[in-house]
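First comes the structure, then the notes that go with it.
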Amino acid sequence: MLPPRRRETGSHTRETRTIGASDDAGERCDRIKPVMLVIPADVLRPRRPDDHFAAEAAAARDAGLDVALVDHDALARGADVGRAVGRVPPGDDVVYRGWMLTSRRYAGFADALSSRGATLRTSAAQYRRAHELPGWCTALASATPASTWTSGHERVDFDRARRALGSGPAVLRDYTKSMKHYWHEAAFVPELEDADAAWEVACRFRELREEVDGGFVLRRFEPFTSGEVRTWWIRGTCRLIAAHPDTPHDAPPDDLDLTPFAPLVAGLGLPFVTVDLARRTDGAWRIIEVGDGQVSDRPPSIEPDELVAALLPD
Ligand SMILES: Nc1ncnc2c1ncn2[C@@H]1O[C@H](COP(=O)(O)OP(=O)(O)O)[C@@H](O)[C@H]1O
Ligand SMILES: [Mg+2]
């Protein structure tokens, strides 16, 4: 997922597989006018798209889509939301591509758009189900590390979730993000039964994260061998497979078989999600994380027009 205003550094282009893409993009574009792409405006030049999403905005315009700009900072603050979306015209199938919003702020965004006659393809409830781990984890339990979570942030809540997961090593995050860049301090729990050491990791996580989004999540540690693959699913169908933006040089292997995952992801009933997978040391592919596709970072190996084409109705 895109953290607020993180800049992408990778620029290497790698192989991307496009699944079910039309051979005739021009013909397709004539049929897709109803889709509208909404993109954050540049902070200093509000009539221009934010640089990070400018290529997607241009690709959408080239494909004949309407593109509208919003003030992401105002949406993220939940202040002056009506003005933040003031340039969005009415539309039946609005797709946002932009910086992450909390589920609560996304709901405010959806309401403000709705009062202008613009309907997001992904409802606020659907966004929450994709964006927050408790929204998808139970449905994907057979394919993702065992997990427990809290609704509060206190030690008593944490200890309950820790005990429920049992013993052995674990990984800590909250409903939406880990602090993976602080692995030993704030992500990896060497032994769940060591209550004080585990809580120390949680305290460091809380300190670094500033605000725990939702609650704590503990996940049983599984040993992975590969970089992650990010897969992009539109209404339950995988449309793009590419490297994860964190490991842009690890092209997805040819033997990655998504067949076992397809019914699980389709069962989520979500319009646009990403699913990150990694290979475990025993060879099994596992789901690391689901994200709302609107706020998932696009790796450099997916061209903007490929992503736009995937968003078009069949
Ligand atoms: N259960 C797990 N076992 C081992 N490694 C994990 C596990 N869960 C996450 N990781 C590692 O931690 C990283 C971050 O976890 P992730 O849930 O994707 O959070 P983020 O939203 O910060 O990317 C993953 O890329 C993976 O390398
Ligand atoms: Mg991740």
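Residue numbers for the sequence shown follow this note's numbering, beginning at 991 and rising by one. Even for Gly, the Cβ is constructed at its ideal location relative to N, Cα and C. These figures come from a predicted structure and were not determined experimentally.
**Asked** Within this structure, are the beta carbons of Ala-1114 and Ala-1100 separated by less than 7 angstroms?
**Response** Closer than 7 angstroms, so yes.
**Asked** Counting Cβ pairs closer than 8 angstroms, one from the segment 1070-1078 and one from the segment 1038-1052, do we hit at least three?
**Response** They do not touch, by the three-pair rule.
**Message:** By the three-class DSSP mapping on this structure, what secondary structure does Leu-1027 have?
**Reply:** It is a strand residue.
**Message:** Measuring alpha carbon to alpha carbon, tell me which residue in Asp-1184, Glu-1183 and Cys-1193 is nearest Ala-1177.
**Reply:** Ranked by Cα distance from Ala-1177, the options Asp-1184, Glu-1183 and Cys-1193 are led by Cys-1193.
**Request:** Alpha carbon to alpha carbon, how far is Thr-1227 from Leu-1260? Give it in angstroms, no decimals.
**Result:** Going by the C-alpha atoms only, they are around 10 angstroms apart.
**Coarse secondary structure for Pro-1124, derived from DSSP in three states** = In this structure, DSSP gives Pro-1124 a helical state, which the three-state scheme calls helix.
**Assigned secondary structure, Arg-995 (DSSP; H/G/I helix, E/B strand, else coil)** = Here the model assigns Arg-995 a pLDDT of 43, short of 50, so the residue's position is not dependable, and the following value carries that caveat. Correct three-state label for Arg-995: coil.
**Asked** Can you tell which of Ala-1241, Arg-1210 and Arg-1111 has the C-alpha that lies nearest to the C-alpha of Ser-1291?
**Response** Comparing Cα positions, the closest option is Ala-1241.
**Request:** Return the residue from the list Asp-1304, Asp-1282, Arg-1220 and Ala-1108 that minimises the CA-CA distance to Arg-1269.
**Result:** Checked all of Asp-1304, Asp-1282, Arg-1220 and Ala-1108; the closest Cα to Arg-1269 is Arg-1220.
**Asked** Should Ala-1232 go down as buried or exposed, given a rule of 16 or more other Cβ atoms within 10 Å for buried?
**Response** The C-beta of Ala-1232 has 16 or more other C-beta atoms within 10 Å across all chains shown, which makes the residue buried.
**Request:** Please classify Val-1085: is it buried, with 16 or more other beta-carbons within 10 angstroms of its beta-carbon, or exposed?
**Result:** Label assigned to Val-1085: buried.
**Rounded straight-line distance, which links the Cα of Asp-1186 to that of Ser-1157** = The straight-line gap from Cα to Cα measures roughly 14 angstroms.
**Asked** In chain order, what residues of the same chain have a beta carbon less than 7 angstroms from the beta carbon of Val-1060, not counting five sequence neighbours either side?
**Response** Excluding residues within five positions, the ones whose Cβ falls inside 7 angstroms are Val-1028, Pro-1030, Ala-1031, Ala-1074, Val-1075 and Val-1078.
**Prompt:** Expressed to the nearest angstrom, what Euclidean distance is found between the alpha-carbon atoms of Val-1207 and Ala-1299?
**Reply:** If I take the Cα positions, the gap works out to 35 angstroms.
**Asked** By Cβ distance, which residues of its chain are closer than 6 angstroms to Asp-1040, with the 5 residues on each side in sequence left out?
**Response** The beta carbon of Asp-1040 is closer than 6 angstroms to those of Pro-1030 and Asp-1032 in its chain, skipping five residues each way along the sequence.
**Asked** So is the beta-carbon of Pro-1135 under 6 angstroms away from any non-hydrogen atom of ligand 1?
**Response** Because some heavy atom of ligand 1 lies under 6 angstroms away, the Cβ of Pro-1135 counts as near it: yes.
**Item:** Residues that DSSP places opposite Pro-1039 in a beta bridge
**Value:** Note: Pro-1039 sits in a beta bridge opposite Ala-1031.
**Prompt:** Is it true that the CB of Ser-1141 sits closer than 7 angstroms to the CB of Arg-1209?
**Reply:** No, the pair does not count as a contact, with Cβ atoms beyond the cut-off.
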